[in-house]
Amino acid sequence: MYDPNDECSLLSRRTMLAGGVSLGIAGSLASGVRAATSTDNQPGTSGLLREQGIPTDTASRVAMMRRMRLRSDAGPVFWYFRGRNYAQQGANLIPICELVFGAVMLVKPNPDGTMNVVQYELGFRSQLDSAKRTDQLLNPITGEMIDLPFAPVGPTHIKYDVNNTLQLPSNIGGSTFTLEHVPEVFYRVGNTITFQTHSRATAETPGQATRVLNDMSMISSPDHEALDPNVHFASAMAYGGDVTDYARWLKMPPGAGTQTLRSVGQKVSRYSDMPEDWRTMLAEADPEMAADPIAGLSREAAEYRN
């Protein structure tokens with residue numbers, strides 16, 4: 001039987017790459033079909049074994065994902081991630097740098113079931129095993145010292161329809177993003193609800209090489225928060241495993257492989273709960289945003305430079 005929520009089934013839709021938290025504009029893929037191996041794995045009967053206790057109807061799933069990934073009522077949302085970037089050459093992983101990343105969002109649900117979100121993202125890099133932001137980095141492949149940009153993405157204004165389909169402006173910071181989205185996969189493990197995200201975006205910037213970005217994450221919340229419709233802001237952790245073309249500022253030669261990021265992050269409801277080191281670096285790089293993050297979401301979007 002066809003499982004519309006299986007990762008092997010690619011549907012034409014729009015989504016936000018949040019958690020990892022890149023941005024994309026939707027493209028389309030043909031729907032796929034997976035053969036089930038047991039009647040115990042059918043939605044609508046006993047439910048998928050990995051989905052025990054998770055609702056199967058679209059409205060409940062959308063509400064659950066919103067409260068886990070963002071929130072279902074109006075207000076701010078803050079995400080941060082820590083991780084390590086690697087150069088990937090075949091099966092070889094070569095560490096490049098450390099990363100601490102933060103996102104500031106403001107959510108506004110609408111009476112018709114749609115949702116408006118504006119968000120700002122900024123990541124800082126440091127030498128391996130260092131917590132101190134660096135302006136230069138040694139490229140381990142070419143041996144070249146390279147300058148590191150600290151350019152934010154956004155603020156970007158987006159909108160979700162009632163089915164959680166994302167509407168984006170045609171231009172974000174001077175670049176366009178074409179997205180292929182893999183539908184979310186849901187898991188129940190003990191007292192934890194998790195859903196898996198995966199979006200493949202193509203970033204096109206005039207005068208720059210095109211980049212492909214596979215933004216992936218596993219977002220987890222306690223089941224009593226994720227499944228409760230009276231909870232608007234579920235506590236959540238996320239684990240990322242992105243695979244992308246090299247960032248343009250790395251100046252990698254053609255054929256040098258790809259870049260991957262392993263990260264772990266948390267969603268919080270207050271700016272003061274964001275990591276102190278990220279807030280300190282934000283104050284140095286973008287004092288206006290650090291002084292009043294919510295007010296900063298009303299300014300013009302920065303040029304996309306990643």
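Heads up: the sequence shown begins at 1 in my numbering, then just goes up one per residue.
We put the CB at the ideal spot given by N, CA and C, even for glycine.
For G296, the enclosing alpha helix (DSSP H) begins and ends at P293 to G296. Per the DSSP secondary-structure output, M216 pairs in a beta bridge with H198.
Residue range A236 to T244 is occupied by the beta strand (DSSP E) that includes A238, with no alpha helix (DSSP H) assigned at that position. Non-local C-beta neighbours of V268 in its own chain, meaning closer than 7 Å and more than five positions away in sequence, comprise F78 and M274, ordered along the chain. Taking C-alpha positions only, G83 is separated from Y239 by approximately 10 Å. When DSSP assignments are scanned along the region 244–302, the uninterrupted stretches of alpha helix (DSSP H) that are 4 or more residues long and fall wholly within it turn out to be 276–285, 287–291 and 293–296. Per DSSP, the beta-bridge partners of K108 are N116. Cβ-Cβ separation between W278 and G102: approximately 5 Å, consistent with a contact (criterion under 8 Å). In the structure shown, H181 adopts extended strand secondary structure according to DSSP, grouped into three states. Per DSSP, reduced to three states, the secondary structure at L49 is helical.
DSSP places T156 in the uninterrupted beta strand (DSSP E) bounded by V153 to Y160. Beta bridge pairing from DSSP links F101 with F81 and G123. With distances taken between CA atoms, Y246 lies nearest to R211 out of R211, H224, Y271 and T114. With contacts defined as CB atoms closer than 8 Å, T178 and T197 fail to qualify as a contacting pair. Taken through DSSP and simplified to helix, strand or coil, A87 comes out as strand. Going by DSSP, D147 is part of the beta strand (DSSP E) stretching over M145 to D147. Note that the C-beta distance between V104 and Q119 is below 8 Å. DSSP places Q136 inside the beta strand (DSSP E), whose first and last residues are Q136 to L138. In terms of Cα proximity to E180, the closest of I96, V189, P140 and R200 is R200. Here T58 carries a helix assignment [DSSP, helix/strand/coil]. A203 sits in a strand when the DSSP states are folded into three classes. Boundaries of the alpha helix (DSSP H) around H224: D223 to A226. The residues L93, I94, P95, I96, Q259, T260, L261 and R262, in chain order, have a CB closer than 8 Å to that of Y86 in the same chain once the five nearest residues on each side in sequence are set aside.
Two segments are said to touch when three or more pairs of C-beta atoms, one from each, lie closer than 8 Å; by this definition the region 138–155 touches the region 282–301. If you ignore the 5 residues before and after K132, its C-beta comes within less than 7 Å of the C-beta of S126, all in its own chain and listed in chain order. Here DSSP, grouped into helix, strand and coil, assigns R67 to helix.
Short of 8 Å from the beta carbon of G90, and not among the five residues preceding or following it, lie these beta carbons of its own chain, in chain order: G257. Nearest Cα to T134 within the set T142, N110, R50 and F124: F124. Assignment of T176 by DSSP, reduced to helix, strand and coil, places it in the strand class. Remark: C-beta atoms of M115 and Y80 do not approach each other more closely than 8 Å. Under the DSSP definition of a beta bridge, V231 lacks any partner. Here S72 is near H232, since their CB atoms are less than 8 Å apart.
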